[in-house]
Structure formats: structure tokens, C-alpha cells
Amino acid sequence: MVFLLSSNVALAGTITATCYSPEGKRFEFVDGERQESSDGYSNSNPTFFFTTHDPDVLIESWQAALPFPDLIGRERVDELVPPTVTKSVVVFRSDSVIHALSMQGKEAYSTTLYLKRDVAIFTRIRISKGGLVSGPMGAIYTAKCNFNVLE
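Sequence positions in the sequence shown follow the working numbering and run 172 to 322.
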């Protein structure tokens, strides 16, 4: 295998990505009022795998946030809340962008990998009550990423 820095990265055989501590904003709607707060996946490095052998799928692996690494280690957090693996549907792909969507229960997610800019944008939307939130919510996160292209 050879690592390449190619202008046709989305056309390469395989792309792996690691993104670092996504951060952003969360918007919740409680009793009809919008509440905005900072949100993120501190000390969490989601990873992504794309191959032209299955170009309609982006495999995503997410770890739980680790806001207090001096109190609890990554291994223990991963035991308590194991990383998730999702097969997202690729809805757009070019030589500079891969955009994928997924649904889990009452939530919708989007992942946009900007291959030439070493960055990603993630969104999460819930339109009904459930889980830890009391009403509809949305969140948007950005992260610096490291992309590896294999042919």
C-alpha cells in the first residue's frame, strides 16, 4: 500500500480519516424556547472509512466524549459506552468532498468530509422528544482531520 497525496482523492481506492475532538453548538427547544450551548466530543477522535469498492457507504466509528481525562481514562469510557459503528449512505462524492447521511432511531446525522481542506462538518438533528433531551434539538460540529489515501 502506498499513501498518496492526490488531487483525485475521492476517486482513490480507499480513504481513511481521523478527526479530532469535534466542537460546535447545540440548539435545544424547551417549552417552545430555543436554548443554545457549546457542545462537542472532547478527547474523542471519530474515524471514517471509504472505498470505491462500496462507493455508496461511509463507515463511521464514534467514541463517547471524554471531558475529564484526568478522572477517567479512554479505555474505561469505551467499556462504559462502547464506540459506535455506522454505515452511512454516501449521497454526494467528488474529488474534494464526501457527504453521507444516516438515521438512528429518532435522530438524523450528516457527515461532510472536506478532503482537500483537512476538515469535517457533522450535524445531528432530533425532531421529537426522547433520550437525554426534552424536545427537538440540532447540533453542528467541526473538526480538523487527517486523511490517508490508499490506492
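For glycine and all other residues, C-beta sits at the position ideal for the given N, C-alpha and C. These numbers come from a predicted model, not from an experiment.
Buried or exposed (CB count within 10 angstroms, at least 16 for buried), residue i
{"i": "L286", "result": "buried"}
{"i": "R288", "result": "exposed"}
{"i": "P238", "result": "exposed"}
{"i": "M308", "result": "buried"}
{"i": "E322", "result": "exposed"}
{"i": "F318", "result": "buried"}
{"i": "I186", "result": "buried"}
{"i": "V201", "result": "exposed"}
{"i": "S177", "result": "Note that S177 scores 40 on pLDDT, short of 50, meaning its location in the model is unreliable and no value can be drawn from it."}
Beta-carbon spacing of residue i, residue j below 8 angstroms
{"i": "Y280", "j": "E194", "result": "no"}
{"i": "R205", "j": "A310", "result": "no"}
{"i": "T257", "j": "S273", "result": "yes"}
{"i": "L284", "j": "F219", "result": "yes"}
{"i": "G306", "j": "E207", "result": "no"}
{"i": "A188", "j": "C316", "result": "yes"}
Supposed contact pair residue j and residue i - C-beta distance, whole angstroms, cut 8 angstroms
{"i": "T282", "j": "S259", "result": "6 angstroms"}
{"i": "V261", "j": "L229", "result": "5 angstroms"}
{"i": "C190", "j": "A291", "result": "5 angstroms"}
Beta-carbon proximity list for residue i, same chain, < 7 angstroms, skipping 5 on both sides
{"i": "E278", "result": "R295, I296 and R297"}
Beta-carbon contacts of residue i that lie in its chain and below 6 angstroms, excluding the five residues immediately before and after
{"i": "S232", "result": "T218, P254 and V256"}
{"i": "M172", "result": "Residue confidence for M172 is low, a pLDDT of 31 falling below 50, so the modelled location carries little weight and cannot support an answer."}
Neighbourhood of residue i by C-beta distance below 8 angstroms, restricted to the same chain and skipping five residues each side
{"i": "S192", "result": "G211, Y212, S213, N214, S215, N216 and A314"}
{"i": "I243", "result": "L237"}
{"i": "D249", "result": "Q234 and A235"}
* Asked: Is there contact between the segment 244–253 and the segment 217–227, where contact requires at least three CB pairs shorter than 8 angstroms?
  -> no
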